[in-house]
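Residue numbers are given in this note's numbering: position 279 of the sequence shown equals residue 441, and the series is strictly consecutive. So the structure is just underneath, and the comments pick up after that.
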Amino acid sequence: MQLRHLALSGALGLALAAAGGPADGRDLTVVSWGGSYQDAQRQAVFEPYKRATGKALVEDSWNGGIGALRAKAEGPATWDVVQVETDELVLGCEEGILVPLDWAKLGGKDRYLPEAVHECGVGNIIWATVLAYDGDRFKDNPPKSWADFFDTKKYPGKRALRRGPRQALEFALLADGVPLDQVYKVLRTEEGVQRAFAKLDSIKGDLVWWEAGAQPPQLLASGEVVMTSAYNGRISAANRNEGRHFRIAWEAGYVYQIDSWVILANSDKKEEALDFIAFASQPQQQAKLAELIPYGPTRVDAAELIPEAVRNDIPGTPGNRAYGLFFDRDFWVDQVEKLTERFNAWAAQ
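Next up, the structure:
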């Protein structure tokens with residue numbers, strides 16, 4: 163993945179480094195998910211922040227994982243603000259690698275959805291992992307369920323899932339006939355976990371694994387896969403920016419959750435980091451981001467600023483709410499490391 167660095171270079175950078183100082187000339191570093199999503203963030207948040215404050219900002223990107231977060235929390239700081247998933251937020255806070263936030267500087271907890279409020283993080287977006295396919299390929303009989311995704315006779319060809327147990331196990335159970343509202347109840351049992359892995363095993367030879375959010379649209383565009391799990395906003399961005407005709411099968415069922423901004427405990431720019439998060443969390447910035455890529459806002463006063471035409475593409479809105487399964491934070495905080503180890507062993511077989 164391409165990493166974007168705007169740090170000082172050349173003789174000036176060397177001079178500043180030699181001079182030392184509190185941060186040795188290092189600018190605030192904000193880490194997100196790359197691709198079309200980070201492109202939208204740059205337009206809605208990063209560039210407006212730089213213009214409003216006159217401060218520099220360095221971008222970086224990552225693919226997630228509590229292990230990667232732990233590694234960055236050791237030694238000298240290179241990351242300050244990071245966008246994380248729910249289990250990374252909770253585990254990172256419990257382990258002390260993230261710092262508690264001053265909610266007074268973020269406008270107060272009552273300005274946000276309850277699910278977006280945490281001691282060490284503030285919700286940034288509501289996003290979903292969905293079933294996506296190329297509408298040009300399936301004009302007459304498109305896939306409409308996760309059972310279709312797992313049916314390689316009806317829909318021959320490779321299909322893709324995000325590498326790891328998160329969402330893959332939920333979708334496997336949906337494909338195996340578990341009702342949406344029973345998925346986590348089943349997954350909490352050993353029999354349910356075995357059932358999910360057995361379902362994945364049934365198409366293991368036809369699976370392609372992706373890690374970065376930019377990959378699913380690329381896999382569809384190249385024809386390498388006939389359908390894939392994907393982040394809803396990446397599919398919309400590919401249609402808008404590249405003229406694709408990708409489709410989302412909302413009715414298949416999707417898992418949605420909240421990403422959060424956090425500050426690493428080893429950051430030497432905690433005050434500036436909090437100022438950035440406060441700026442990024444303004445309703446105008448959240449609404450602009452949703453307009454550029456359809457992820458939902460977490461500020462209660464941002465929704466009314468989003469154009470009507472965009473709202474139906476946002477997960478959890480009336481047009482698709484009935485098909486959504488909210489990510490079970492407690493389950494994954496408790497099980498993510500154990501199930502990731504189990505998934506990796508299964509994938510290596």
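Glycine included, C-beta positions come from ideal geometry on N, C-alpha and C. What you are looking at is a predicted structure, and each value in this text was computed from that prediction instead of being measured.
Residue closest to residue i, alpha-carbon to alpha-carbon, out of the options
i    : options                   : result
L487 : K432, D296 and Y346       : Y346
I397 : L260, T291, W508 and R232 : T291
N506 : Y418, A374 and R324       : R324
P477 : V387, S194 and E413       : E413
V340 : K320, D302 and K361       : K361
S422 : H407, A442, E433 and I410 : A442
D461 : N474, L454, E453 and Q444 : In the sequence as presented, Asp is not what sits at residue 461; that position holds Arg. Checking every option, the nearest Cα to that of R461 belongs to Q444.
G385 : R299, D463 and N401       : R299
L293 : L335, A374 and I410       : I410
W508 : L369, D363, F438 and Q205 : D363
F512 : I288, R213 and D222       : Since the first and last residues shown for the chain are 163 and 511, residue 512 lies out of range.
I228 : L342, P210, V252 and A206 : V252
T390 : N403, A374, A484 and R402 : A374
Cβ-Cβ distance between residue i and residue j below 8 Å
i    : j    : result
L467 : A202 : no
G326 : T502 : yes
A309 : A337 : yes
C282 : V424 : yes
T314 : W494 : no
L275 : A322 : no
A440 : L219 : no
A449 : P456 : no
L335 : R357 : yes
K316 : V370 : no
L436 : D264 : yes
G196 : A376 : yes
Environment of residue i [buried if 16+ CB atoms lie within 10 Å]
i    : result
Q497 : buried
Q245 : buried
P379 : buried
N286 : buried
N394 : buried
N303 : exposed
E250 : buried
Q447 : buried
N482 : buried
P262 : exposed
E515 : No information on residue 515 is available, as it lies outside the stretch 163 to 511 that the chain covers here.
K500 : exposed
H407 : exposed
D222 : buried
G237 : exposed
A392 : buried
G415 : buried
Contacting residues, own chain, Cβ-Cβ under 6 Å from residue i (five flanking each side not counted)
i    : result
E277 : I420
F312 : A337 and I365
A239 : N428, S429 and D430
G254 : L231 and L260
G354 : V348
A399 : S198 and I455
Same chain, Cβ closer than 7 Å to residue i, neighbours up to 5 away in sequence not counted
i    : result
I259 : L231, R232, A235, L426 and A427
W224 : V193 and A230
E453 : I468, P469 and V472
A464 : P445, Q448 and A449
Close-in-space but distant-in-sequence residues of the same chain around residue i (CB under 8 Å, 5 per side omitted)
i    : result
P318 : V388
K212 : A218 and L219
Chain D contact for residue i (CB, 8 Å cutoff)
i    : result
E209 : Here chain D cannot be found, since the structure has a single protein chain.
Unbroken stretches of the beta strand (DSSP E), 3 residues or longer, contained in the segment 299–352: 321–324
Inside the segment 172–253 only - beta strand (DSSP E) runs reaching at least 3 residues: 190–194, 219–223 and 243–246
4 or more residues per run - each alpha helix (DSSP H) lying fully within the segment 455–497: 470–473
4-residue-minimum alpha helix (DSSP H) runs that sit fully inside the segment 407–454, ordered along the chain: 432–442 and 445–454
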